[in-house]
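A.B. asks: One structure is given below, represented as structure tokens, and several questions about it will come after.
Protein chains in written order, with our numbering: chain A, 3 to 451; chain B, 3 to 451.
Here you go:
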């Protein structure tokens, strides 16, 4: 009996995180972490689950964009329709009318990510493998064929990409065994949100140190004096031997970023993340020259592989923070992994939000197994919120991600979550604010800041 | 009696241009020129009309994004709510949740353009001035205050921008008089679409020469041999004294672009437009170095002023083709005009489509009057389609735009157009293909290619 993608279903899921200020930063004071959740339904096989990540308003636009893309995948025969994922990627990104409202960026590209993530989930379920293992089982030629080289070949010739992958291929099995045994290194942002009090930050840091974390990130950019005070507090709490990272979430201009980082150098930051506008390749390069040896990290708002190509070549990105929901799925993420490897820049994917940790663990592990073959200066972001909504959530041990074992891309959510967090009519939105774990309303009935 | 913006109305208008292949190019073979048409309604004053431009599918996403932005302008008191247009621009672009699905690019930014264009139309109607005159009546300080300098000040300090405007201020009146008398120079793309036969192209060229045009643009990038044959045909038709421009609409990689332009140099092109991906600043810079003295022109897909800043500083843009619907309204266009002036790069705005000619004539004339004060190497794109839908359409004479005289931004469309081209239920979409002027159905009932 023949199998096909019968129907694309898409859901607007939102989590009312603005009530607790988890995720607050200088640019995004009140995010409601959200998912444009895509299901590729089949008549009698597994379904494919994918998503993109947003922070609230605007999620409905990604939902609408998935509906616009749906005709491009509905009716695809299985497994043949998912045999050439490079061709599927071009099919989704080269519809000329839809491309106009990007191109390769913004709402349409975020929606393409959701659909491609679902397609990879489905392909991996059909193969009964987690996505990272599916990718790691591909030959160098098959990996190179996932990428649209049209606008990338000037930085990395596809032939050279294949040679680099072939060089690393003999060590894949040993690296898989290492990750299976020890997990992938991570860092935590849980203590460093701008909205948290010093007391809360200190308590969270003590807990994180006890759990074995060695890399800690804090938000900066709201007030210079406050930034320095909190940075000193953090450095004092973690001691000189652990790494401290900072994230400005784009609020500074180029000159402001350089000026703001001068006093913060005393706490020895490893990187400054998103110091300015995410499109400003040359601005990031200027900041990188000025703040060295502090590295400039960016990528979570880097729209596509063409932008990464430039950041990497211009010396504008000392740490590559690709995002598994802003790049249009594993195909484009693989392109960026290959470009970063060529440039000698470590990839530390952006995570947090909802679902991002689940997704990018596959990409980081694949990078280690098949592309960079290195863990040096690689740490995968980890934020502890909202994992309870996933059927196959991340598993952490001693500040490391354990390799996902279930087939698929780890995105599928519980049926109760799909019902309760549907916007605007799910129970989480219909009801008045409810108590969240560890939180108490203050005397005014507001959530504490 | 107090006046306010009572309600934002938005319409999905689409023109079935794919039936005639007007607008066909190597990247966009079958566009249906479309407008996300915004009306800011007031109880008893004039309404403000604005739009953004798309090419069909995806227009519904811009419509939805306008609905998401509407609460940010509904209820604004008039005229006070439009007194500080810089503040209004920041209000629309800094909603942190909506910003995430850009930022400053794609669907949300296109929708912001539509709303800001409508706000400027309304402000100009209240002042009983065309937008270009409203802008040209502002002091240097007022003009500088329109711009969000956060991410631009490293390229142009706002104080220096003001000084440059003050230097040009004494000549404004004389330049206004010149434009009123002679119009603004233009070029035509009407003959050069890829979908046209040689015979049709030659006939259109003869007509254009008879009308007095001196600059001609052709599409390239589908087939090298075909490009050269059509380029020779065009050069032969226009002679050596007129200018020939080429537009590749992004289809090439960086190396491909350089290789493709080598044989085309024989017809002495003035510029090559969009030779590669619109996000590739450094790629454009490499192409510009390789194809000089042919200039690289780009900008119609350049998402925001931060991108323009880099193109201009990197020597990646020899001609600046800002788009009045992709940049978020006159505020951001003014920012780009100031940056281009500082960089010494002529601005030749992108037009064509539907409504773009009507919009950018205001920006080009303002550039001449108050910013660049020059017409050297400046030509404004002109395409002859679809002007009949506008209440205050462009007026051309001898290959020049006559200055718009009616109050507003020239975007308002006829009531019949708003009804007939509404997608998907307007008469133009409900009925089978209808005969367009100068066209005949072929024996199969298809439109001729």
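Glycine included, each C-beta is placed from N, C-alpha and C at the ideal position.
Answer with buried or exposed for residue 172 of chain B, where buried requires no fewer than 16 other C-beta atoms within 10 angstroms of its C-beta.
C.D. replies: Burial call: exposed.
A.B. asks: Below 9 angstroms between beta carbons is the criterion; list the residues of the stretch 255-270 of chain A that meet it against any residue of chain B, in chain order.
C.D. replies: For the stretch 255-270 of chain A, which is checked against every Cβ of chain B, the residues closer than 9 angstroms are 255, 256, 257, 258.
A.B. asks: Could one say the Cβ of residue 154 of chain A lies closer than 9 angstroms to chain B's Cβ atoms, at least one of them?
C.D. replies: It does; some Cβ of chain B falls within 9 angstroms.
A.B. asks: Taking the Cβ atom as the reference point for each residue, do residue 117 of chain B and residue 42 of chain B lie within a distance shorter than 9 angstroms?
C.D. replies: A contact, by the Cβ cut-off of 9 angstroms.
A.B. asks: Going by C-alpha to C-alpha distance, which of A/59, A/425, A/91 sits closest to residue 32 of chain A?
C.D. replies: The option with the nearest alpha carbon to residue 32 of chain A is A/59.
A.B. asks: Can you find the residues in the same chain that come closer than 7 angstroms, C-beta to C-beta, to residue 407 of chain B, ignoring five residues on each side of it along the sequence?
C.D. replies: So the qualifying residues of the chain are 132.
A.B. asks: Measure from the C-beta of residue 451 of chain B to each C-beta in chain A and report whether the shortest distance is under 9 angstroms.
C.D. replies: Because the pLDDT at residue 451 of chain B is just 32, under 50, the model does not fix this residue reliably, and the point stays unresolved.
A.B. asks: I'd like the list of long-range same chain contacts for residue 13 of chain A, defined as Cβ closer than 7 angstroms, with 5 residues on each side in sequence excluded.
C.D. replies: If we look at residue 13 of chain A and ignore the five residues flanking it on each side, its Cβ neighbours are 39, 420, 424.
A.B. asks: For residue 279 of chain A, go through chain B and note every residue whose CB falls closer than 7 angstroms to its CB, in chain order.
C.D. replies: In chain order: 153, 308.
A.B. asks: For residue 273 of chain B, does the three-state DSSP call read helix, strand or coil?
C.D. replies: The answer is strand: DSSP assigns residue 273 of chain B an E or B state.
A.B. asks: Within the continuous alpha helix (DSSP H) that includes residue 258 of chain A, where are the two ends?
C.D. replies: Where residue 258 of chain A is concerned, the enclosing alpha helix (DSSP H) stretches over 256-266.
A.B. asks: Would you identify the three-state DSSP class for residue 27 of chain A, choosing helix, strand or coil?
C.D. replies: If DSSP states are grouped into helix, strand and coil, residue 27 of chain A belongs with coil.
A.B. asks: Run down chain A in chain order and give the residues with a C-beta less than 8 angstroms from the C-beta of residue 62 of chain B.
C.D. replies: Going along chain A in sequence order, the residues near residue 62 of chain B (Cβ under 8 angstroms) are 66, 70.
A.B. asks: Where does residue 313 of chain B fall in DSSP's three states?
C.D. replies: Helix at residue 313 of chain B.
A.B. asks: Could you give the first and the last residue of the continuous beta strand (DSSP E) run that contains residue 386 of chain B?
C.D. replies: Premise fails: residue 386 of chain B is in no beta strand (DSSP E) and is neither H nor E.
A.B. asks: My output table needs one value for residue 20 of chain B: the three-state DSSP class, helix, strand or coil.
C.D. replies: Looking at residue 20 of chain B - three-state DSSP - the assignment turns out to be helix.
A.B. asks: Pick out the complete alpha helix (DSSP H) segments inside the stretch 27-83 of chain A, 4 residues or longer, and give them in chain order.
C.D. replies: Counting only runs of 4 or more, we get 61-71.
A.B. asks: Suppose contacts are defined by Cβ-Cβ distances below 9 angstroms. Is residue 119 of chain A in contact with residue 403 of chain A by that definition?
C.D. replies: No.
A.B. asks: Determine, for residue 32 of chain A, whether the minimum Cβ-Cβ distance to residues of chain B falls below 9 angstroms.
C.D. replies: At least one chain B Cβ lies under 9 angstroms of residue 32 of chain A.
A.B. asks: Check the Cβ of residue 57 of chain A against every Cβ in chain B and list those closer than 8 angstroms, keeping chain order.
C.D. replies: By Cβ distance, chain B contributes 98, 99, 102.
A.B. asks: Helix, strand or coil, according to DSSP, for residue 140 of chain B in the structure here?
C.D. replies: Coil.
A.B. asks: Could you tell me whether the Cβ atoms of residue 282 of chain B and residue 256 of chain A are closer together than 9 angstroms?
C.D. replies: The answer is no: Cβ separation not under 9 angstroms.
A.B. asks: Quick check: is the beta carbon of residue 282 of chain A nearer than 9 angstroms to any beta carbon in chain B?
C.D. replies: Output row for residue 282 of chain A: interface = yes.
A.B. asks: Against chain A, does residue 221 of chain B count as a neighbour if the rule is that its beta carbon must be under 9 angstroms from one of theirs?
C.D. replies: Cβ-Cβ to chain A under 9 angstroms: no for residue 221 of chain B.
A.B. asks: List the endpoints of the continuous alpha helix (DSSP H) containing residue 128 of chain B.
C.D. replies: Segment 108-129, the alpha helix (DSSP H) holding residue 128 of chain B.
A.B. asks: Decide if residue 337 of chain B is buried, meaning its Cβ has at least 16 other Cβ atoms within 10 Å, or exposed.
C.D. replies: That one is buried.
A.B. asks: Starting from residue 425 of chain B, follow the alpha helix (DSSP H) in both directions and report where the run begins and ends.
C.D. replies: Residue 425 of chain B -> no alpha helix (DSSP H), and no H or E assigned at all.
A.B. asks: Which residues, in chain order, does the stretch 299-325 of chain A contribute to contact with chain B at a C-beta distance below 8 angstroms?
C.D. replies: Flagged, chain order: 303, 305, 306, 308, 309, 311, 312, 315, 316.
A.B. asks: In the DSSP assignment, what residue or residues form a beta bridge with residue 403 of chain A?
C.D. replies: Answer is A/186, A/398, bridged to residue 403 of chain A.
A.B. asks: Could you check if residue 49 of chain A is buried or exposed, using at least 16 other CB atoms within 10 Å of its CB as the buried criterion?
C.D. replies: The residue is buried, with at least 16 neighbouring Cβ atoms inside 10 Å.
A.B. asks: Nearest by alpha-carbon distance to residue 329 of chain B: which of B/36, B/91, B/4 is it?
C.D. replies: With distances taken between Cα atoms, residue 329 of chain B lies closest to B/91.
A.B. asks: So, is residue 450 of chain B buried or exposed, given that buried needs 16 or more other C-beta atoms within 10 angstroms?
C.D. replies: Unreliable placement is indicated for residue 450 of chain B, whose pLDDT of 36 sits below 50; the coordinate value is still reported in the next sentence. Exposed: under 16 other Cβ atoms inside 10 Å.
A.B. asks: In this structure, does DSSP put residue 250 of chain B in helix, strand or coil?
C.D. replies: In the structure shown, residue 250 of chain B sits in coil (DSSP, three-state: anything other than H, G, I, E or B).
A.B. asks: Is residue 15 of chain A close to chain B, meaning its C-beta is less than 9 angstroms from at least one C-beta of that chain?
C.D. replies: So no, residue 15 of chain A is outside the interface.
A.B. asks: Okay, do the stretch 149-167 of chain B and the stretch 63-76 of chain B touch, 3+ Cβ pairs below 8 angstroms being the bar?
C.D. replies: No, the stretch 149-167 of chain B does not touch the stretch 63-76 of chain B.
A.B. asks: Using Cβ-Cβ distances below 9 angstroms, what residues of the stretch 225-259 of chain A are close to chain B?
C.D. replies: Flagged, chain order: 252, 253, 254, 255, 256, 257, 258.
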